Amino acid sequence: MSKAEERRLGSGLNSISMNCQEIMESKETTEDKETRREQQDNMKNNLMEQTKIPQVRAIVERQDPSSKEVDDLTIRRFLRARDLDIGKASSMLFRYLKWRREFVPNGSVSLLETPNEVAQNKMFLQGSDKKGRPITVILGARHVQSKGGLEEFKLLSLLVRLGFVVYGFDKICSRMPPGQEKFVVIGDLEGWGYANSDIHGYLAGLSILQEYYPERLAKVLLVHAPYIFMAVWKIVYPFIDKNTRKKVKCVHSSRIPLTKN
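Letter 93 of the sequence shown, counting from 1, is numbered 93 in the UniProt record's numbering, and no numbers are missing.
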(Lines of atoms letter the chains of each structure in order from A and count residues from 1; the text may use other names and numbers.)
(Lines give C-alpha, C1' and ligand atoms only; values in the text may rest on other atoms or scores of the structure.)
Protein backbone atom coordinates (compact mmCIF):
# COMPACT_ATOMS: atom_id res chain seq x y z
CA MET A 1 0.00 0.00 0.00
CA SER A 2 1.38 3.39 -1.01
CA LYS A 3 1.64 6.31 1.41
CA ALA A 4 -1.09 8.12 -0.51
CA GLU A 5 -3.41 5.11 -0.14
CA GLU A 6 -2.57 4.86 3.56
CA ARG A 7 -3.47 8.53 4.01
CA ARG A 8 -6.78 8.05 2.15
CA LEU A 9 -7.58 4.96 4.21
CA GLY A 10 -6.71 6.75 7.44
CA SER A 11 -8.95 9.64 6.45
CA GLY A 12 -11.77 7.23 5.62
CA LEU A 13 -11.44 5.37 8.92
CA ASN A 14 -11.40 8.63 10.88
CA SER A 15 -14.53 9.74 9.03
CA ILE A 16 -16.32 6.47 9.77
CA SER A 17 -15.26 6.56 13.41
CA MET A 18 -16.39 10.17 13.86
CA ASN A 19 -19.69 9.59 12.06
CA CYS A 20 -20.44 6.51 14.14
CA GLN A 21 -19.71 8.48 17.29
CA GLU A 22 -22.04 11.24 16.06
CA ILE A 23 -24.73 8.64 15.47
CA MET A 24 -24.28 7.28 18.98
CA GLU A 25 -24.37 10.82 20.37
CA SER A 26 -27.49 11.66 18.33
CA LYS A 27 -29.23 8.95 20.36
CA GLU A 28 -27.97 10.48 23.56
CA THR A 29 -31.32 10.16 25.33
CA THR A 30 -31.41 6.41 24.72
CA GLU A 31 -27.73 6.08 25.56
CA ASP A 32 -28.21 8.05 28.77
CA LYS A 33 -31.12 5.87 29.79
CA GLU A 34 -29.08 2.74 29.14
CA THR A 35 -26.16 4.19 31.09
CA ARG A 36 -28.38 5.11 34.03
CA ARG A 37 -29.95 1.65 34.07
CA GLU A 38 -26.49 0.09 33.92
CA GLN A 39 -25.27 2.29 36.77
CA GLN A 40 -28.34 1.48 38.87
CA ASP A 41 -27.91 -2.25 38.22
CA ASN A 42 -24.22 -1.99 39.09
CA MET A 43 -25.03 -0.25 42.37
CA LYS A 44 -27.59 -2.90 43.30
CA ASN A 45 -25.34 -5.77 42.28
CA ASN A 46 -22.07 -4.39 43.60
CA LEU A 47 -22.50 -5.58 47.19
CA MET A 48 -23.71 -8.98 46.03
CA GLU A 49 -20.78 -9.24 43.60
CA GLN A 50 -18.29 -8.41 46.33
CA THR A 51 -19.59 -11.29 48.44
CA LYS A 52 -19.58 -13.73 45.52
CA ILE A 53 -16.16 -12.95 44.04
CA PRO A 54 -14.25 -14.72 46.89
CA GLN A 55 -16.57 -17.72 46.57
CA VAL A 56 -15.89 -18.07 42.85
CA ARG A 57 -12.17 -17.65 43.48
CA ALA A 58 -12.17 -20.39 46.15
CA ILE A 59 -14.02 -22.85 43.89
CA VAL A 60 -11.78 -22.27 40.87
CA GLU A 61 -8.53 -22.27 42.88
CA ARG A 62 -9.34 -25.74 44.17
CA GLN A 63 -9.46 -26.98 40.57
CA ASP A 64 -6.75 -24.72 39.14
CA PRO A 65 -4.17 -23.19 41.53
CA SER A 66 -2.95 -20.87 38.73
CA SER A 67 -6.22 -18.95 39.03
CA LYS A 68 -4.69 -17.08 42.00
CA GLU A 69 -3.31 -14.68 39.37
CA VAL A 70 -6.83 -13.74 38.18
CA ASP A 71 -7.92 -10.33 39.48
CA ASP A 72 -11.29 -9.48 40.99
CA LEU A 73 -12.44 -7.46 37.95
CA THR A 74 -12.03 -10.51 35.72
CA ILE A 75 -13.99 -12.70 38.12
CA ARG A 76 -16.67 -10.01 38.28
CA ARG A 77 -17.06 -10.06 34.48
CA PHE A 78 -17.57 -13.82 34.51
CA LEU A 79 -20.11 -13.47 37.33
CA ARG A 80 -22.01 -10.81 35.39
CA ALA A 81 -21.96 -12.94 32.25
CA ARG A 82 -23.74 -15.68 34.21
CA ASP A 83 -26.18 -13.45 36.09
CA LEU A 84 -24.18 -13.75 39.32
CA ASP A 85 -24.64 -17.53 39.44
CA ILE A 86 -21.58 -18.76 41.38
CA GLY A 87 -21.59 -22.27 39.95
CA LYS A 88 -21.99 -21.21 36.32
CA ALA A 89 -19.46 -18.38 36.65
CA SER A 90 -16.91 -20.74 38.25
CA SER A 91 -17.32 -23.29 35.46
CA MET A 92 -17.00 -20.59 32.81
CA LEU A 93 -13.86 -19.15 34.40
CA PHE A 94 -12.31 -22.60 34.75
CA ARG A 95 -12.93 -23.32 31.05
CA TYR A 96 -11.39 -19.96 30.16
CA LEU A 97 -8.19 -20.68 32.11
CA LYS A 98 -7.88 -24.11 30.49
CA TRP A 99 -8.47 -22.64 27.02
CA ARG A 100 -5.96 -19.84 27.60
CA ARG A 101 -3.21 -22.30 28.55
CA GLU A 102 -3.86 -24.49 25.53
CA PHE A 103 -4.57 -21.87 22.86
CA VAL A 104 -2.21 -19.12 24.06
CA PRO A 105 0.56 -21.09 25.81
CA ASN A 106 3.05 -18.22 25.54
CA GLY A 107 0.67 -15.73 27.12
CA SER A 108 0.05 -13.80 23.90
CA VAL A 109 -0.34 -14.34 20.14
CA SER A 110 2.50 -13.00 18.00
CA LEU A 111 1.79 -11.38 14.65
CA LEU A 112 4.45 -13.71 13.26
CA GLU A 113 1.97 -16.54 13.86
CA THR A 114 -0.66 -14.95 11.61
CA PRO A 115 1.24 -13.42 8.65
CA ASN A 116 -1.55 -13.82 6.09
CA GLU A 117 -4.12 -12.22 8.36
CA VAL A 118 -1.82 -9.28 9.09
CA ALA A 119 -1.07 -8.80 5.37
CA GLN A 120 -4.77 -8.25 4.66
CA ASN A 121 -4.73 -4.97 6.65
CA LYS A 122 -8.30 -5.54 7.76
CA MET A 123 -8.28 -4.43 11.40
CA PHE A 124 -7.31 -1.06 12.91
CA LEU A 125 -7.48 0.51 16.35
CA GLN A 126 -9.16 3.88 15.96
CA GLY A 127 -9.14 5.94 19.15
CA SER A 128 -11.96 5.93 21.71
CA ASP A 129 -15.61 6.91 21.88
CA LYS A 130 -17.01 9.62 24.17
CA LYS A 131 -17.14 7.14 27.05
CA GLY A 132 -13.47 6.28 26.69
CA ARG A 133 -14.11 2.85 25.18
CA PRO A 134 -11.46 1.82 22.61
CA ILE A 135 -12.73 1.48 19.04
CA THR A 136 -11.57 -1.11 16.53
CA VAL A 137 -12.53 -0.88 12.85
CA ILE A 138 -12.75 -4.08 10.81
CA LEU A 139 -12.86 -3.92 6.99
CA GLY A 140 -14.92 -6.96 6.02
CA ALA A 141 -14.09 -6.83 2.30
CA ARG A 142 -10.41 -7.43 3.08
CA HIS A 143 -11.03 -10.72 4.84
CA VAL A 144 -10.37 -13.67 2.55
CA GLN A 145 -10.29 -17.15 4.00
CA SER A 146 -7.74 -19.60 2.68
CA LYS A 147 -8.96 -22.05 0.06
CA GLY A 148 -8.05 -25.71 -0.12
CA GLY A 149 -9.43 -29.21 -0.26
CA LEU A 150 -7.54 -30.84 2.58
CA GLU A 151 -9.46 -30.88 5.85
CA GLU A 152 -6.21 -30.63 7.83
CA PHE A 153 -5.28 -27.49 5.91
CA LYS A 154 -8.71 -25.98 6.46
CA LEU A 155 -8.48 -26.67 10.20
CA LEU A 156 -5.01 -25.13 10.40
CA SER A 157 -6.23 -22.11 8.46
CA LEU A 158 -9.13 -21.67 10.87
CA LEU A 159 -6.83 -21.91 13.88
CA VAL A 160 -4.57 -19.23 12.38
CA ARG A 161 -7.58 -16.94 11.79
CA LEU A 162 -8.72 -17.48 15.36
CA GLY A 163 -5.21 -16.68 16.57
CA PHE A 164 -5.57 -13.33 14.85
CA VAL A 165 -8.97 -12.83 16.54
CA VAL A 166 -7.41 -13.48 19.94
CA TYR A 167 -4.53 -11.14 19.09
CA GLY A 168 -7.06 -8.43 18.21
CA PHE A 169 -9.13 -8.89 21.39
CA ASP A 170 -6.03 -8.88 23.58
CA LYS A 171 -4.66 -5.80 21.82
CA ILE A 172 -7.78 -3.72 22.24
CA CYS A 173 -8.23 -4.83 25.86
CA SER A 174 -4.67 -3.73 26.58
CA ARG A 175 -5.57 -0.23 25.32
CA MET A 176 -8.36 0.26 27.85
CA PRO A 177 -7.79 3.11 30.33
CA PRO A 178 -8.18 2.43 34.06
CA GLY A 179 -11.82 1.91 34.99
CA GLN A 180 -12.83 0.91 31.45
CA GLU A 181 -13.64 -2.73 30.66
CA LYS A 182 -15.44 -2.61 27.31
CA PHE A 183 -14.67 -1.85 23.66
CA VAL A 184 -16.61 -0.86 20.54
CA VAL A 185 -16.37 -2.57 17.14
CA ILE A 186 -17.19 -0.88 13.83
CA GLY A 187 -17.65 -3.47 11.09
CA ASP A 188 -17.29 -1.75 7.69
CA LEU A 189 -18.82 -4.06 5.08
CA GLU A 190 -18.37 -1.83 2.02
CA GLY A 191 -17.43 -4.12 -0.89
CA TRP A 192 -18.18 -7.30 1.09
CA GLY A 193 -19.17 -10.28 -1.07
CA TYR A 194 -19.46 -14.04 -0.91
CA ALA A 195 -15.70 -14.33 -1.39
CA ASN A 196 -15.35 -12.71 2.02
CA SER A 197 -17.93 -14.96 3.65
CA ASP A 198 -16.38 -17.12 6.35
CA ILE A 199 -19.21 -18.63 8.37
CA HIS A 200 -16.98 -21.11 10.25
CA GLY A 201 -14.63 -18.27 11.14
CA TYR A 202 -17.48 -15.97 12.19
CA LEU A 203 -19.04 -18.60 14.44
CA ALA A 204 -15.72 -19.60 15.98
CA GLY A 205 -14.75 -15.97 16.59
CA LEU A 206 -18.16 -15.29 18.09
CA SER A 207 -17.74 -18.27 20.41
CA ILE A 208 -14.36 -16.95 21.59
CA LEU A 209 -15.85 -13.53 22.30
CA GLN A 210 -18.81 -14.89 24.24
CA GLU A 211 -17.05 -17.64 26.16
CA TYR A 212 -13.62 -16.16 26.87
CA TYR A 213 -14.08 -12.37 26.75
CA PRO A 214 -17.36 -11.94 28.65
CA GLU A 215 -18.65 -8.45 29.34
CA ARG A 216 -15.96 -6.92 27.11
CA LEU A 217 -18.11 -5.93 24.14
CA ALA A 218 -19.98 -2.63 24.47
CA LYS A 219 -21.37 -2.28 20.96
CA VAL A 220 -21.00 -3.45 17.36
CA LEU A 221 -21.91 -0.98 14.61
CA LEU A 222 -22.28 -2.56 11.16
CA VAL A 223 -21.96 -0.01 8.35
CA HIS A 224 -22.26 -0.27 4.56
CA ALA A 225 -23.83 -3.73 4.90
CA PRO A 226 -24.82 -5.03 1.43
CA TYR A 227 -28.06 -6.93 0.92
CA ILE A 228 -26.26 -10.24 0.35
CA PHE A 229 -24.66 -9.97 3.80
CA MET A 230 -28.09 -10.56 5.36
CA ALA A 231 -28.14 -14.12 4.03
CA VAL A 232 -25.00 -14.92 6.02
CA TRP A 233 -26.23 -12.87 8.98
CA LYS A 234 -29.36 -15.05 9.22
CA ILE A 235 -27.13 -18.11 9.64
CA VAL A 236 -24.94 -16.51 12.29
CA TYR A 237 -27.68 -14.68 14.23
CA PRO A 238 -29.17 -17.71 16.08
CA PHE A 239 -25.73 -18.45 17.60
CA ILE A 240 -25.48 -15.01 19.20
CA ASP A 241 -26.66 -14.93 22.81
CA LYS A 242 -29.49 -12.55 23.65
CA ASN A 243 -27.30 -10.07 25.54
CA THR A 244 -24.85 -9.78 22.64
CA ARG A 245 -27.68 -9.36 20.11
CA LYS A 246 -28.77 -6.19 21.87
CA LYS A 247 -25.32 -4.71 21.28
CA VAL A 248 -25.32 -5.15 17.49
CA LYS A 249 -26.65 -2.20 15.48
CA CYS A 250 -26.88 -1.76 11.71
CA VAL A 251 -26.24 1.84 10.63
CA HIS A 252 -27.93 3.00 7.44
CA SER A 253 -25.39 3.76 4.71
CA SER A 254 -26.86 7.21 4.10
CA ARG A 255 -25.41 8.28 7.44
CA ILE A 256 -21.88 7.08 6.74
CA PRO A 257 -19.48 8.13 3.92
CA LEU A 258 -17.95 5.45 1.73
CA THR A 259 -14.57 4.08 2.78
CA LYS A 260 -11.68 4.68 0.39
CA ASN A 261 -10.05 1.24 0.27
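Ideal Cβ positions, reconstructed from N, Cα and C, are used throughout, including at glycine.
In this text the structure is predicted, and so the values were computed from the model without any measurement.
Chain C contact for residue i (CB, 7 angstroms cutoff)
i, result
"Y237", "Annotation note: the requested chain C is absent from the structure, which comprises a single protein chain."
As assigned by DSSP and simplified to three states, the class of residue i
i, result
"M65", "First, the amino acid is wrong: residue 65 is Pro here, not Met. Helix at P65."
"A218", "strand"
"M230", "helix"
"P54", "helix"
"S197", "coil"
"V104", "coil"
"E152", "With a pLDDT of only 45 at E152, under 50, the local geometry of the prediction cannot be trusted, and the value read off the model is given with reservation. Note: E152 maps to helix in three-state DSSP."
"K122", "coil"
"I208", "helix"
"I240", "coil"
"K131", "coil"
"D71", "coil"
"L139", "strand"
"V144", "coil"
"K249", "strand"
8 angstroms contact criterion, which residue i and residue j should meet: CB distance rounded
i, j, result
"A204", "L162", "6 angstroms"
"V184", "I135", "5 angstroms"
"V251", "A195", "Rounded, the Cβ-Cβ distance is 23 angstroms, inconsistent with contact."
"F169", "L206", "F169 to L206, Cβ: 12 angstroms. No contact."
"P226", "L189", "6 angstroms"
8 angstroms CB neighbourhood of residue i in its chain, flanking five on each side removed
i, result
"I172", "L125, P134, T136 and F183"
"Y96", "F78, E211 and Y212"
"V70", "R57, V60, L93 and L97"
"L73", "E181"
"M48", "L84"
"S108", "Y167 and D170"
"Y237", "R245"
Contact under 7 angstroms by Cβ, residue i with residue j
i, j, result
"K247", "V220", "yes"
"S90", "V56", "yes"
"L222", "G191", "no"
"G127", "P177", "no"
"I199", "I228", "no"
"H224", "S197", "no"
Sequence-distant residues of its chain with Cβ nearer than 7 angstroms to residue i (five each side left out)
i, result
"R142", "Q120, N121 and K122"
"T244", "Q210 and L217"
"G201", "Q145, L158 and R161"
"S66", "L97"
"R76", "E49 and I53"
Same chain only: Cβ atoms within 6 angstroms of residue i, ignoring 5 sequence neighbours per side
i, result
"K249", "L221"
"W233", "none"
"F164", "T114 and E117"
Proximity test, residue i beta-carbon vs the ligand NAD heavy atom, cut-off 6 angstroms
i, result
"L209", "Ligands displayed in this structure: none; no statement on the ligand NAD is therefore possible."
Spell out a yes or no on whether the region 45 to 63 and the region 72 to 88 are touching, meaning 3 or more CB-CB pairs, one atom from each, closer than 8 angstroms. Short answer: they touch.
Evaluate contact between the region 105 to 123 and the region 73 to 84, counting only Cβ atoms and requiring at least three cross-stretch pairs below 8 angstroms. no
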